[in-house]
Amino acid sequence: MAGSSGGGSAYEGRTFIARSDFLPFFRPDLGDAEIAAVTEVMRSGWLTYGAKVREFGDACARYLGVEHAVPVASCSAGLYLTLKAMGIGPGDEVILPPVTFVATLAAVLHCGATPVLADIDPVTYGLDPAAFTAAVTDRTRAVIPVDMAGHPGRIAEIVAAASGRGVQVVEDAAHSFGAEVAGRRVGGLADASVFSFYATKCITTGDGGLVTCRTQELADRVRSLSFHGMDANAWQRYGDKGRWYYEVLTLGWKMHLGDPAAALGLVQLGRADGFLARRSAIAARFNEAFAGLPGVTVPSAPADGVHAWHLYILRIDPEIVDGGRDRIIADLTANRIGSSVHFIPVHHHPAFADLEARYAGTLPESERHYREAVSLPLFPSMTGQEIDDVVTVVRASVTAGAR
Ligand SMILES: Cc1ncc(COP(=O)(O)O)c(C=O)c1O
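So this is what it looks like as C-alpha cells:
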C-alpha cells in the first residue's frame with residue numbers, strides 16, 4: 029500500500045463547532061414527484077425493461093445533445109459492455125488512470141484485456157494526455173479517461189491523440205453528467221461515454237447508468253449485449269404487439285435498466301439543471317473560503333467548459349499543514365461532518381497486487397493525489413448552515429495545523 033495512510037491517523041480531531049446531528053457526506057434529493065413517478069410504474073404492472081426505459085434513454089440523449097444513448101444497469105456494467113461491444117479481449121491493452129473507482133479497472137479485467145496504468149494530470153486529476161501517449165503500444169485498443177469529480181479533464185487532447193493511433197476512447201463519465209467542453213456536453217466528445225446514476229451521483233436512478241455512443245452500430249451492440257444478445261427485449265415479446273419467438277445472436281449479459289428506475293431518472297433529469305446550479309454555487313463558496321489558505325489547493329474548473337461538481341476535492345500539503353488531509357478528516361469527524369477520499373489508486377488494493385508490483389513508484393502524481401486528497405460534502409440539498417459548518421471546520425483545522 030505504497031503512499032497510503034491505511035485509512036487511519038494518530039490525530040484524534042478537535043471540536044470547533046457544536047453540531048447536534050451528523051452531516052452526511054451525501055444526502056439524495058428525492059421529492060414527491062420521484063415517489064409519484066415510481067408509484068405510477070408500479071401500478072402499471074410493468075416492472076422491467078419497457079416504455080419508460082426507452083423514454084429515459086431518449087430524454088438523456090436530448091439533454092446531452094447526442095444521437096445514441098443506451099440505459100444500463102450501472103456505470104460499471106456500461107463500461108464492461110462498451111469494451112466488449114468494441115471487441116476488446118485477451119491480448120489487447122487498455123490504458124486508464126489509477127485514480128479511479130475499481131469499476132474502471134474491473135471492466136478491463138473482466139474482458140480479459142491487459143490494463144495499463146498511466147499517471148494523472150496534477151490540475152484536472154484526470155488522465156494526463158502525455159502519459160497516455162507514452163503508454164500507447166501497438167497492442168493498445170482503448171483508453172478510459174476518467175472525468176474526476178465532474179471535471180471533463182483534457183478529453184479533447186486525449187481524443188485527438190487517440191484518433192489516428194487506432195485507439196478507441198471510452199470516457200468514464202460516472203461523475204460528469206452535465207459537464208461541458210467548448211459548448212458541448214460530455215457524452216458527445218468520445219467514441220463512447222459511460223455515466224453513473226448511482227445514489228450519490230449528479231442525478232440518480234438508485235442504481236443505473238447510461239452509455240452514449242458515437243455510432244448507431246456500437247449502441248446497437250451495447251443494447252443487445254445488455255440483454256443476453258437477444259434480438260427482442262421484454263417489451264417486444266410481452267407488449268400488446270409482442271411475439272414469443274426470439275433468437276440469441278451473440279453471448280451477452282443481463283445488464284439493462286428497468287422501468288421503475290427509469291421513471292425515477294426521468295424526474296431527476298428534469299431537475300438536473302437546478303442540481304447543477306446548486307452544486308456550482310456551493311463549490312464557488314468553498315473555493316472562495318479555501319483559496320489562499322496555506323497548504324491548500326482548491327479544485328480547478330475547465331477553462332472553456334462546465335464542471336459537474338459531483339465531488340469537491342481539496343488537496344492538503346502535509347509539508348505545510350501538519351497531519352495533512354488526515355487532520356482535516358479527523359477534525360470533520362470530530363465535528364460530526366462526513367468526508368471521503370477519492371480514490372485509493374486501484375493498484376493499491378490487495379486484489380491487484382500484481383499491478384502494485386508492476387507500477388510501484390512509477391505514478392508520482394497519482395500517489396501525491398492519494399496522499400493529499402479529501403472530499404468534502406457537496407450535494408444540492410445542503411443548507412446554508414451546513415455549508416457554513418464545513419467552511420468553519422476546514423478553515424479552523426488548516427489554521428490549527430499550520431507548521
Ligand atoms: C469513476 C467511477 N467509475 C465508475 C463507477 C461505477 O458506477 P456505478 O456505481 O454506477 O456502477 C463509479 C462509481 O462510483 C466511479 O466513481
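Numbers 29 to 431, taken from the working numbering, label the letters of the sequence shown in order.
Beta carbons are placed, not taken as given, at the ideal position from N, Cα and C, and that holds for glycine.
Predicted model only: the values in this text are computed from it and were never measured.
inquiry  = At a cut-off of 6 Å, would you count Val-174 as near ligand 1, judging by its Cβ distance to the nearest heavy atom?
reply    = Answer for Val-174: yes, Cβ within range of ligand 1.
key: Residue ranges of each beta strand (DSSP E) within the region 36 to 70, 3 or longer   = Scanning the region 36 to 70 from its first residue to its last, no whole beta strand (DSSP E) run of 3-plus residues comes out.
Helix, strand or coil at Ala-170 [DSSP, three-state] = Three-state DSSP puts Ala-170 in a strand.
ask   = Just checking my contact of Ala-146 with Asp-156 at CB under 8 Å: how many whole Å lie between their CB atoms?
value = The pair is a contact, with the Cβ atoms about 7 Å apart (cut-off 8 Å).
query = Any heavy atom of ligand 1 closer than 6 Å to the Cβ of Ser-224?
reply = Because some heavy atom of ligand 1 lies under 6 Å away, the Cβ of Ser-224 counts as near it: yes.
key: Length of the line joining the Cα atoms of Gly-352 and Arg-55   = If you draw a straight line from the Cα of Gly-352 to the Cα of Arg-55, it comes to about 26 Å.
DSSP-derived helix/strand/coil call for Cys-103 = Cys-103 sits in a helix when the DSSP states are folded into three classes.
task = Using three-state DSSP, classify Ala-210 as helix, strand or coil.
result = Ala-210 falls in the coil class under three-state DSSP.
inquiry  = Here's a check: name, in chain order, each residue in its chain whose Cβ is nearer than 7 Å to the Cβ of Ala-65, leaving out the five neighbours to either side.
reply    = Excluding positions up to five away in sequence, the list reads Ala-291, Leu-292, Leu-294 and Val-295.
request  = Taking all protein chains shown into account, decide if Thr-472 is buried (16 or more other Cβ within 10 angstroms of its Cβ) or exposed.
outcome  = With the chain covering 29 to 431 only, the question about residue 472 has no answer from this structure.
ask   = So what's Ile-356 in DSSP terms, helix, strand or just coil?
value = Here Ile-356 carries a helix assignment [DSSP, helix/strand/coil].
ask   = Measuring CB to CB, does His-338 end up less than 7 Å from His-203?
value = In this structure, His-203 lies closer than 7 Å to His-338 by Cβ.
request  = Following the continuous beta strand (DSSP E) through Phe-223, name the residue where it begins and the one where it ends.
outcome  = In this chain, the beta strand (DSSP E) harbouring Phe-223 covers 220 to 224.
message = Using a 10 Å radius around the Cβ and a threshold of 16 neighbouring Cβ atoms, would you call Arg-193 buried or exposed?
response = That one is exposed.
ask   = Along the chain, which unbroken stretches of the beta strand (DSSP E) at least 3 residues long are found entirely within the region 114 to 199?
value = Qualifying beta strand (DSSP E) stretches, in chain order: 121 to 124, 142 to 145 and 168 to 171.
key: Nearest-angstrom beta carbon gap, Phe-44 and Gly-366 [assumed within contact, 8 Å]   = Wrong, their Cβ atoms sit about 16 Å apart, outside the cutoff.
ask   = Roughly how many angstroms lie between the CA atoms of Gly-31 and His-370, to the nearest whole one?
value = With a pLDDT of 42 at Gly-31, under the threshold of 50, the modelled position of that residue is not reliable, and the figure given next carries that caveat. When the Cα atoms are used, Gly-31 and His-370 turn out to be separated by approximately 14 Å.
inquiry  = So, with DSSP's three-state summary, where would you put Leu-297?
reply    = Three-state DSSP puts Leu-297 in a helix.
ask   = Mind pulling the beta strand (DSSP E) runs of 3 or more residues that sit fully within the region 345 to 426?
value = Considered as a whole, the region 345 to 426 harbours 401 to 404 as its complete beta strand (DSSP E) runs of no fewer than 3 residues, in chain order.
message = Counting C-beta neighbours from all protein chains within 10 Å, is the total for Arg-431 16 or more, i.e. buried, or is it exposed?
response = Exposed: under 16 other Cβ atoms inside 10 Å.
query = If you count every other CB in all the chains shown that lies within 10 Å of the CB of Glu-199, and 16 or more means buried, which is it?
reply = Its Cβ being crowded by 16 or more others within 10 Å, Glu-199 is buried.
message = Give me the DSSP bridge partner(s) of Thr-325.
response = Under DSSP, Thr-325 shares a beta bridge with Arg-343.
query = Quick one, which of Gly-115, Val-122 and Arg-182 has its alpha-carbon nearest Thr-278's?
reply = The shortest Cα separation from Thr-278 among Gly-115, Val-122 and Arg-182 belongs to Gly-115.
Whole-angstrom distance between Asp-86 and Asp-149, CA atom to CA atom = One Cα belongs to Asp-149, the other to Asp-86, and the distance between them is close to 34 Å.
ask   = Taking contact to mean at least 3 C-beta pairs separated by less than 8 Å, is the region 304 to 317 in contact with the region 134 to 146?
value = The region 304 to 317 makes no contact with the region 134 to 146: fewer than 3 CB pairs, one atom from each, lie closer than 8 Å.
query = Any chance the CB of Thr-132 is under 6 Å from a heavy atom of ligand 1?
reply = Yes, the beta carbon of Thr-132 sits closer than 6 Å to at least one heavy atom of ligand 1.
As assigned by DSSP and simplified to three states, the class of Gly-429 = Residue state, collapsed to three classes: helix.
inquiry  = Taking the straight line between their C-alpha atoms, what separation do you get for Gly-119 and Asp-166?
reply    = If you take the alpha carbons of Gly-119 and Asp-166, they lie about 11 Å apart.
task = Return the bridge partner residues of Leu-75 from the DSSP annotation.
result = In DSSP, Leu-75 forms no bridge with anything.
key: Test item: CB-CB of Ser-102 and Asp-235 under 7 Å   = Going by C-beta atoms, Ser-102 is nearer than 7 Å to Asp-235.
query = Is Phe-380 near ligand 1, in the sense that its beta carbon is under 6 Å from a heavy atom of that ligand?
reply = Closer than 6 Å to some heavy atom of ligand 1: that does not describe the Cβ of Phe-380.
query = Comparing alpha-carbon positions, which option in Asp-417, Tyr-274 and Phe-225 lies nearest Val-100?
reply = For Val-100, the nearest C-alpha among the options comes from Phe-225.
Whole-Å CB distance - Ala-329 paired with Glu-40, under 8 Å assumed = 35 Å between Cβ atoms; not a contact.
ask   = Is the Cβ of Met-283 closer than 7 Å to any Cβ of chain B?
value = You won't find chain B in this structure, because it holds only one protein chain.
query = Based on the DSSP output, what are the partners of Thr-232 in its beta bridges?
reply = None; Thr-232 has no bridge partner.
key: Sub-7 Å separation of Ala-424 and Ile-341 beta-carbons   = In this structure, Ile-341 does not lie closer than 7 Å to Ala-424 by Cβ.
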